[in-house]
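Q:
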Amino acid sequence: MSLNYQSVEDAQLVALAAEGRESAYRELLSRYERPVFSLIYRMVRNRTLAEDLAQEAFIRTFNAIDTYNPQYKFSSWIFKIANNLTIDHLRKRRVPTVSMHGAPDAVTPEAQARTSLVVQSPGESPEEYVQNRELGGQIEAAIGELREEYRVVVLLRHIEGHTYDEIARIMDIPLGTVKTYLHRARAELKLRLAEA
Amino acid sequence: MNSDRSSYGRHLDDDAIQGLLDAAEGPADAETASAHRHLVDCPECQAQVDAWREVFGELGRLGRFAPPGRFAERVLSGIDLPGEASSPSRAWSWVRLRHWLTGRAADAHLSRRGLQELADGALPRRRATLAKAHLATCGDCESRLAGWRRLIATLEALPSFAPAAGFAERVMACWREVTEEAAGRSQATRRWRLLPRSPRGWVLAGTLTGMPVAAFAAVAAFLSTVPQLTTGGLVTYLWWQARDALSAFGSSLLAAVMQSGAAFRAYSLAEYLIASPATAVAAAAGFTTLMLSSIWVLHRNIGFPRFALRHVYN
Ligand SMILES: [Zn+2]
Ligand SMILES: [Zn+2]
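Chains as they are written, first to last, in our numbering: chain S, 1 to 196; chain G, 197 to 510.
#1: For the segment 124–148 of chain S, which residues have a CB atom closer than 7 Å to at least one CB atom of chain G, in sequence order?
#2: Contact between the segment 122–135 of chain S and the segment 176–195 of chain S: three or more CB pairs below 8 Å?
#3: Between the C-alpha atoms of S:THR115 and S:ILE159, what's the straight-line distance to the nearest angstrom?
#4: Buried or exposed: where does G:ASP246 fall if 16 or more other Cβ atoms within 10 Å of its Cβ makes it buried?
#5: Short of 6 Å in beta carbon distance, which residues of its chain neighbour G:LEU311, apart from the five on each side in sequence? Order them along the chain.
#6: Taking just the CA atoms, how far does G:PRO395 sit from G:LEU450?
#7: Check G:CYS334 in the structure and name its three-state DSSP category.
#8: Are there any heavy atoms of ligand 2 lying less than 7 Å away from the beta-carbon of G:ASP336, as far as the coordinates show?
#9: Report yes if the C-beta distance between G:ILE470 and G:ALA476 is below 8 Å; otherwise report no.
#10: By the 8 Å beta-carbon criterion, what residues does the segment 43–75 of chain S contribute toward chain G?
#11: How would you label G:SER307, buried or exposed, when you count the other beta carbons within 10 angstroms and need 16 or more for buried?
#12: Could you check the C-alpha separation between G:LEU404 and G:ALA411 for me, to the nearest Å?
#13: For chain S, find out if any of its Cβ atoms is closer than 8 Å to the Cβ of G:ARG323; answer yes or no.
#14: Counting Cβ pairs, one atom from each stretch, are 3 or more of them under 8 Å apart for the segment 159–170 of chain S and the segment 363–377 of chain G?
#15: Comparing C-alpha positions only, which one of S:ALA54, S:ALA24, S:GLU33 and S:ILE40 sits nearest to S:LEU156?
#16: Classify S:ARG93 as helix, strand or coil using the three-state DSSP reduction.
#17: Consult DSSP for G:ARG461 and reduce its assignment to one of helix, strand or coil.
#18: Could you tell me whether the segment 73–88 of chain S touches the segment 51–62 of chain S, where touching means 3 or more Cβ pairs closer than 8 Å?
#19: Could you check which residue in S:TYR32, S:GLU22 and S:GLY20 has the C-alpha nearest to that of S:ASP10?
#20: Under 9 Å Cβ-Cβ, which residues of chain S neighbour G:GLU227?
#21: Using a C-beta cutoff of 8 Å, does S:TYR41 count as contacting chain G?
#22: Nearest chain S C-beta to G:GLU338 closer than 8 Å, yes or no?
#23: Evaluate G:GLY215 with the Cβ neighbour count: other Cβ atoms within 10 Å of its Cβ, from every protein chain shown; 16 or more gives buried, anything less gives exposed.
#24: Mind the definition here: the segment 68–79 of chain S touches the segment 42–49 of chain S only if three or more C-beta pairs lie below 8 Å; say whether that holds.
#25: Just list the alpha helix (DSSP H) runs in the segment 304–389 of chain G, keeping only unbroken ones of 4 residues or longer that don't cross its boundaries, in chain order.
#26: Output the distance between the C-alpha atoms of G:ALA459 and G:ALA444, rounded to the nearest integer angstrom.
#27: Can G:LEU306 be considered in contact with ligand 2, in the sense that its beta carbon sits closer than 7 Å to one or more heavy atoms?
#28: For ligand 2, is there a heavy atom less than 7 Å away from the beta-carbon of S:HIS162?
#29: Quick one: measure Cβ to Cβ for S:VAL154 and S:ILE143, integer angstroms, because I've assumed they're closer than 8 Å.
#30: Let me see if you follow: with CB-CB separation under 8 Å, is S:VAL152 close to chain G or not?
#31: Determine whether the Cβ of S:LEU16 lies closer than 8 Å to any Cβ atom of chain G.
#32: For a contact defined as C-beta to C-beta under 8 Å, what are the partners of G:LEU216 on chain S?
#33: Looking at the C-beta of S:SER38, does it have a partner C-beta in chain G at a distance below 8 Å?
#34: List the endpoints of the continuous alpha helix (DSSP H) containing S:GLN6.
Below is the structure:
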């Protein structure tokens with residue numbers, strides 16, 4: 001029996017995948033590889049690392065596919081897994097390259113100078129070149145300077161188009177906190193863009 | 197009207213009060229909780245809340261009973277129905293009604309938060325109606341709203357990024373590997389556990405069984421070089437030698453044990469253990485634990501090193 005997987009809904013795809021159909025896994029991948037990668041990439045701001053984390057997010061999702069609760073959207077579920085993975089990684093590594101102006105916890109000017117990204121044109125690797133081109137714009141830089149929680153809510157809301165309720169579920173925080181994070185994040189973005 | 201509602205020391209603005217009344221229908225968040233704390237000590241804000249409650253109540257009653265008469269029509273004409281654009285005249289009547297009911301200046305500006313939620317389509321309908329009424333009369337708020345709309349439009353226009361080519365293939369390959377490992381693992385548990393499961397295990401097991409075989413073969417090869425030896429003679433000779441060695445070892449061991457007094461101590465220890473069942477049980481348990489843990493250590497070291505992809509599952 002052949003199925004046109006492109007017209008199948010997420011929940012059905014998950015059921016087919018749970019039966020062990022490889023083509024269902026492939027379809028889920030083709031639907032979510034860009035959104036999941038984009039979210040993680042904007043969080044960690046490094047293509048190689050983002051791909052590794054995205055791959056792990058998919059493997060974890062596939063591995064737990066028979067525990068999926070169809071009451072919730074599949075997209076919320078996979079984003080929850082991807083977000084947990086990314087936040088865990090950022091907490092563990094405290095990546096200093098997150099900000100163009102230094103690590104978020106760098107309080108002294110010396111610490112900021114030490115941890116800040118040096119944007120150099122000559123001698124940058126092809127990957128760095130691509131990253132600078134992709135994330136070097138004013139708005140991307142401003143997003144990159146937001147603290148992690150603010151960044152996630154902005155990306156989930158305005159790039160992925162999730163509802164406030166879905167964001168609360170993805171991030172495991174109360175609805176009121178989602179709203180507060182969103183307001184502060186947008187206010188910071190507006191300020192940074194006005195300064196620039 | 198930029199009062200920060202997260203600090204409940206300050207007075208509540210229109211937005212906060214309406215939020216409070218809206219929140220009565222849904223779950224309370226930290227914000228409404230802090231507003232409630234402020235209200236306890238502030239009669240001024242409490243009065244404002246009462247006035248707004250009246251407005252809300254009025255609207256609810258009108259919606260349900262809709263008494264005949266021009267007043268109701270006038271009030272209803274001030275409310276934006278979903279999908280309807282607000283016309284300035286309607287908005288004006290609404291602002292006047294609000295002013296009349298609350299005794300507040302009609303030029304109360306919208307809060308930053310209210311504007312953001314309006315731009316994002318997330319403001320509850322009643323608050324959106326009030327906000328639109330104000331916007332129709334206030335160029336200042338209108339331009340601030342346009343600013344938030346521009347920001348949101350900029351964000352929403354951002355591209356999504358594709359991972360490097362072949363990403364899906366790499367994920368599928370990794371996924372196949374993971375499922376095969378898992379299948380292999382469950383099969384291996386059904387197999388005889390003592391069989392080595394890794395090249396290292398096989399080398400270890402091979403060495404352990406190979407050494408005695410090689411030693412025996414070497415001895416046999418040496419003996420075969422002695423011409424007058426027959427198989428029967430060799431076996432008889434070996435048997436005698438073994439018996440002599442065994443009895444010599446046994447008698448010397450016995451002598452050593454008797455001389456050291458160890459036998460006596462072992463006998464008295466056994467006597468003591470038998471006399472007290474509790475110590476006997478404890479000794480047996482200790483012995484068993486020791487045995488089991490040494491078996492486990494052996495099993496772990498001879499078996500498969502570790503499941504390399506474990507981190508994927510946690
Ligand atoms: Zn007050
Ligand atoms: Zn205004």
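Ideal Cβ positions, reconstructed from N, Cα and C, are used throughout, including at glycine.
Since this is a predicted model, take the numbers as computed values, not measurements.
A: So, from the data block:
#1: GLU134 and ILE139
#2: Taking one beta carbon from each stretch, the segment 122–135 of chain S and the segment 176–195 of chain S have fewer than 3 pairs nearer than 8 Å; the two do not touch.
#3: Residue 115 of chain S sits at position 115 when you count from the first residue of the first sequence. Residue 159 of chain S sits at position 159 when you count from the first residue of the first sequence. Any answer about S:THR115 is weak, because its pLDDT of 49 lies below 50 and its placement is not dependable; what the coordinates show is given next. Cα-Cα distance, rounded: 28 Å.
#4: Here residue 246 of chain G is taken as the residue at index 50 of the second sequence, counted from 1. Burial call: exposed.
#5: Counting from 1 along the second sequence, the entry for residue 311 of chain G is found at position 115. The beta carbon of G:LEU311 sits closer than 6 Å to the beta carbons of ARG340, LEU341 and TRP344 from its chain, once the five residues preceding and following it are set aside; these are given in chain order.
#6: Position 254 of the second sequence holds residue 450 of chain G. Position 199 of the second sequence holds residue 395 of chain G. Those two C-alpha atoms are separated by around 45 Å.
#7: On the second sequence, position 138 is the one that residue 334 of chain G refers to. Coil.
#8: Numbered from 1 along the second sequence, position 140 holds the residue referred to as residue 336 of chain G. The answer is yes for G:ASP336.
#9: Position 274 of the second sequence, counted from the start, is the residue given in the question as residue 470 of chain G. Position 280 of the second sequence, counted from the start, is the residue given in the question as residue 476 of chain G. Going by C-beta atoms, G:ILE470 is nearer than 8 Å to G:ALA476.
#10: ARG47, ALA50, GLU51, ALA54, GLN55, GLU56, PHE58, ILE59, ARG60, PHE62 and ASN63
#11: Looking up residue 307 of chain G in the second sequence gives position 111. With 16 or more Cβ atoms within 10 Å of its Cβ, G:SER307 is classed as buried.
#12: Stepping through the second sequence from its first residue, residue 404 of chain G is reached at position 208. Stepping through the second sequence from its first residue, residue 411 of chain G is reached at position 215. G:LEU404 and G:ALA411: Cα-Cα distance of roughly 12 Å.
#13: What you label residue 323 of chain G is simply residue 127 of the second sequence in a count that begins at 1. Closer than 8 Å: no.
#14: no
#15: Mapped onto the first sequence, residue 156 of chain S falls at position 156. Considering only alpha carbons, the answer is S:ILE40.
#16: One-based indexing of the first sequence puts residue 93 of chain S at position 93. DSSP places S:ARG93 in helix when its eight states are reduced to three.
#17: Numbered from its first residue, the second sequence carries residue 461 of chain G at position 265. In the structure shown, G:ARG461 sits in a helix (DSSP, three-state: H, G or I).
#18: yes
#19: The sequence position of residue 10 of chain S within the first sequence is 10, counting from 1. The shortest C-alpha separation from S:ASP10 is found at S:TYR32.
#20: For this step, residue 227 of chain G is matched to residue 31 along the second sequence. Near G:GLU227 (Cβ distances below 9 Å), the residues of chain S are GLY176, LYS179 and THR180.
#21: Start at 1 with the first residue of the first sequence, and residue 41 of chain S comes out as number 41. Chain G contact via Cβ: present.
#22: Taking the first residue of the second sequence as position 1, residue 338 of chain G is located at position 142. No, G:GLU338 does not count as interfacial toward chain S.
#23: Here residue 215 of chain G is taken as the residue at index 19 of the second sequence, counted from 1. G:GLY215 should be labelled buried.
#24: Under the Cβ criterion (8 Å, minimum of three pairs), the segment 68–79 of chain S does not count as touching the segment 42–49 of chain S.
#25: 308–315, 321–331, 335–352 and 363–386
#26: Translated into the one-based positions of the second sequence, residue 459 of chain G becomes position 263. Translated into the one-based positions of the second sequence, residue 444 of chain G becomes position 248. In a straight line, the C-alpha of G:ALA459 is about 19 Å away from that of G:ALA444.
#27: Position 110 of the second sequence holds residue 306 of chain G. Yes, since a heavy atom of ligand 2 falls inside the 7 Å radius drawn around the Cβ of G:LEU306.
#28: The residue labelled residue 162 of chain S in the question sits at position 162 within the first sequence. False, no ligand heavy atom lies under 7 Å from that Cβ.
#29: Counting from one through the first sequence, the residue named residue 154 of chain S turns up at place 154. Counting from one through the first sequence, the residue named residue 143 of chain S turns up at place 143. The distance from the Cβ of S:VAL154 to that of S:ILE143 is about 6 Å, consistent with a contact at the 8 Å cut-off.
#30: In the first sequence, the residue the question calls residue 152 of chain S occupies position 152. Answer no: the Cβ-Cβ gap between S:VAL152 and chain G never drops below 8 Å.
#31: Counted from its first residue, the first sequence places residue 16 of chain S at position 16. Proximity of S:LEU16 to chain G, defined by a Cβ-Cβ separation below 8 Å, is not satisfied.
#32: One-based indexing of the second sequence puts residue 216 of chain G at position 20. Correct list: empty, because the minimum Cβ distance to chain S is about 12 Å.
#33: Numbered from 1 along the first sequence, position 38 holds the residue referred to as residue 38 of chain S. Interface with chain G (8 Å Cβ-Cβ cutoff): S:SER38 is included.
#34: Residue 6 of chain S sits at position 6 when you count from the first residue of the first sequence. Element bounds for S:GLN6: n/a, residue is neither H nor E.
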